[in-house]
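Peer 1:
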Amino acid sequence: MHGEYKMPGGKLVVADLEVHAGRLCRVQVSGDFFLEPDGALRAINAALEGASASTDEAGLAFAIQSALPAGVLMYGISPEAIAVAVRRALHEGMQA
Amino acid sequence: MSRSSWGEHDWQLIHHGPQPPALHMALDQVLTDEVAAGRRAPTLRVWEWASPAVVIGRFQSLRNEVDAEAAHRHGIEVVRRISGGGAMFIEPGNTITYSIYAPLSLVEGLSFQESYALMDAWVIEALGELGIEAWYQPLNDIASAAGKIAGAAQMRHAGAVLHHVTMAYDIDAARMLQVLRIGREKLSDKGTASAAKRVDPLRSQTGLPREAVIQRMIDTFRRQHGLRDDALKPEELAQARELATNKFHKHEWTAEVP
Numbered sequence: 230m231h232g233e234y235k236m237p238g239g240k241l242v243v244a245d246l247e248v249h250a251g252r253l254c255r256v257q258v259s260g261d262f263f264l265e266p267d268g269a270l271r272a273i274n275a276a277l278e279g280a281s282a283s284t285d286e287a288g289l290a291f292a293i294q295s296a297l298p299a300g301v302l303m304y305g306i307s308p309e310a311i312a313v314a315v316r317r318a319l320h321e322g323m324q325a
Numbered sequence: 003m004s005r006s007s008w009g010e011h012d013w014q015l016i017h018h019g020p021q022p023p024a025l026h027m028a029l030d031q032v033l034t035d036e037v038a039a040g041r042r043a044p045t046l047r048v049w050e051w052a053s054p055a056v057v058i059g060r061f062q063s064l065r066n067e068v069d070a071e072a073a074h075r076h077g078i079e080v081v082r083r084i085s086g087g088g089a090m091f092i093e094p095g096n097t098i099t100y101s102i103y104a105p106l107s108l109v110e111g112l113s114f115q116e117s118y119a120l121m122d123a124w125v126i127e128a129l130g131e132l133g134i135e136a137w138y139q140p141l142n143d144i145a146s147a148a149g150k151i152a153g154a155a156q157m158r159h160a161g162a163v164l165h166h167v168t169m170a171y172d173i174d175a176a177r178m179l180q181v182l183r184i185g186r187e188k189l190s191d192k193g194t195a196s197a198a199k200r201v202d203p204l205r206s207q208t209g210l211p212r213e214a215v216i217q218r219m220i221d222t223f224r225r226q227h228g229l230r231d232d233a234l235k236p237e238e239l240a241q242a243r244e245l246a247t248n249k250f251h252k253h254e255w256t257a258e259v260p
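Top to bottom, those sequences are chains A and B. Using the numbering used here, read the first sequence as starting at 230 and increasing by one per residue. Using the numbering used here, read the second sequence as starting at 3 and increasing by one per residue.
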């Protein structure tokens, strides 16, 4: 499943993922955003892995925010924008 | 730590002959680290490309961004850089690329947006002298009324900031669109139907050869901030060659975000 979201005033956030037994797996967030340190991307993917596919945007954003190490800097991306891309991927997947 | 000004630094210029794409990626990492460690004075490096390339951002998905088969067919190398941002389609004679390696103190206390504006200011001035009214377009573009001129990316690491910029001198839009996958969502807020229209190359605007544009840019930087001619140290080049081979040429790195 694949979802994209151009954050208003920000950059493109992409989510590629699968769903097994109602849970997200093989989650890969990508895009042309800026994130420091770069290892934070792994923390974001890990925060989404195993989440229930019925989690709403706010719940996904909270899960991402909670998993980010202190001091992470985001430019053109936010936990909320990632959550939108993930929900779009899930929505597209359900329609397919 | 308080913020330093451009004039407080002893700026060095590196303008080497053509080098392969992976070596450029490696030089950005090595020289950022060297400035962070205080072994190198703040530096402006102007790139010359030995071959065409697609340079993808640190967090971009390789398969989402690049048609690998088309890139291979056209002999275009795909490399991943250490900074975030978007994919750049590079042809040696069509592109002007440079990096600035500065101590973190230059952007101390500035937001990302403020530090892009600060790092781009001299080139906006240079473009003005070339007759192009350009501005910093948040988040990370340089634009004129006719479209995008350049894309910048910044990375702060340890004690240094890397700010690198790729400018379109000329563009083969048809080939670019064969190799880059530019999605509809990406174009949604740009208000244009064609990715090619989003780019406004310097060649048509200035009527000057690429080398002359580069020289004028260097002159502007030198006048504004001071600039001494320098070269890569043998150990810097050796370290970068080693990194190019063992990191930037490796599929594990290029496909790190598959």
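Where a beta carbon is used, it is the ideal one built from N, C-alpha and C, also for glycine. Small disclaimer: the values here were computed from a predicted structure and weren't measured.
1) Verify the CB distance criterion: does Glu265 of chain A have a CB-CB separation below 8 Å to chain B?
2) Of all the beta strand (DSSP E) runs that stay within the bounds of the stretch 86 to 145 of chain B, which reach a length of 3 or more residues?
3) Is Leu229 of chain B near Trp13 of chain B, with beta carbons less than 8 Å apart?
4) Using beta carbons (cut-off 8 Å, strictly below), is Lys252 of chain B in contact with chain A?
5) If you draw a straight line from the alpha carbon of Gly322 of chain A to that of His231 of chain A, how long is it in whole angstroms?
6) In whole angstroms, what is the alpha-carbon distance linking Lys240 of chain A and Asp261 of chain A?
7) Name the two residues that bound the continuous beta strand (DSSP E) containing Ser259 of chain A.
8) Could you work out which residue in B:Glu131, B:Gly133, B:Ala155 is closest to Gln139 of chain B when comparing CA atoms only?
9) Per the DSSP calculation, Arg158 of chain B is bridged to which residue(s)?
10) Under 8 Å by Cβ, that's how I've got Ala310 of chain A and Val242 of chain A pegged, so tell me the actual separation to the nearest angstrom.
11) When you compare the CB of Asp245 of chain A with every CB in chain B, is at least one pair closer than 8 Å?
12) Is the Cβ of Asp261 of chain A closer than 8 Å to any Cβ of chain B?
13) Determine the extent of the beta strand (DSSP E) in which Gly209 of chain B is found, giving its start and end residues.
14) List the residues of chain B whose Cβ lies closer than 7 Å to the Cβ of Leu270 of chain A, in chain order.
15) Distance, Cα to Cα, Asn142 of chain B vs Phe114 of chain B?
16) Within 10 angstroms of its Cβ, does Arg60 of chain B collect 16 or more other Cβ (buried), or is it exposed?
Peer 2: Straight from the coordinates:
1) Here residue 265 of chain A refers to the residue found at position 36 of the first sequence. It does: the Cβ of Glu265 of chain A has a partner Cβ on chain B nearer than 8 Å.
2) The stretch 86 to 145 of chain B contains, as complete beta strand (DSSP E) runs of 3+ residues, the segments 90 to 92, 97 to 105, 136 to 139 (chain order).
3) Residue mapping note: residue 229 of chain B aligns to position 227 of the second sequence, counting from 1. Residue mapping note: residue 13 of chain B aligns to position 11 of the second sequence, counting from 1. Cβ atoms of Leu229 of chain B and Trp13 of chain B: closer than 8 Å.
4) Here residue 252 of chain B is taken as the residue at index 250 of the second sequence, counted from 1. So no, Lys252 of chain B is outside the interface.
5) Within the first sequence, the letter at position 93 stands for residue 322 of chain A. Within the first sequence, the letter at position 2 stands for residue 231 of chain A. If I take the Cα positions, the gap works out to 8 Å.
6) Reading the first sequence from its first residue, position 11 is the one you call residue 240 of chain A. Reading the first sequence from its first residue, position 32 is the one you call residue 261 of chain A. Lys240 of chain A and Asp261 of chain A: Cα-Cα distance of roughly 6 Å.
7) For the purposes of this step, residue 259 of chain A is identified with residue 30 of the first sequence, where counting begins at 1. Per DSSP, the unbroken beta strand (DSSP E) holding Ser259 of chain A starts and ends at 252 to 260.
8) Counted from its first residue, the second sequence places residue 139 of chain B at position 137. Checking every option, the nearest Cα to that of Gln139 of chain B belongs to B:Ala155.
9) The residue labelled residue 158 of chain B in the question sits at position 156 within the second sequence. Per the DSSP secondary-structure output, Arg158 of chain B pairs in a beta bridge with B:Val163.
10) Along the first sequence, read from residue 1 onward, the residue named residue 310 of chain A stands at position 81. Along the first sequence, read from residue 1 onward, the residue named residue 242 of chain A stands at position 13. The Cβ separation is near 5 Å, so the contact holds.
11) Within the first sequence, residue 245 of chain A is the residue found at index 16, counting from 1. Taking a beta-carbon distance threshold of 8 Å, Asp245 of chain A counts as an interface residue toward chain B.
12) One-based indexing of the first sequence puts residue 261 of chain A at position 32. For Asp261 of chain A, the answer is yes, since a Cβ of chain B falls inside 8 Å of its Cβ.
13) Position 207 of the second sequence, counted from the start, is the residue given in the question as residue 209 of chain B. In the DSSP assignment, Gly209 of chain B falls outside any beta strand (DSSP E) and carries neither an H nor an E.
14) Position 41 of the first sequence, counted from the start, is the residue given in the question as residue 270 of chain A. By Cβ distance, chain B contributes Phe61.
15) If you number the second sequence from 1, residue 142 of chain B lands on position 140. If you number the second sequence from 1, residue 114 of chain B lands on position 112. Taking the Cα positions, Asn142 of chain B is about 9 Å away from Phe114 of chain B.
16) Residue mapping note: residue 60 of chain B aligns to position 58 of the second sequence, counting from 1. Of the residues assessed, Arg60 of chain B falls on the buried side of the cut-off, its CB having 16 or more other CB atoms within 10 angstroms.
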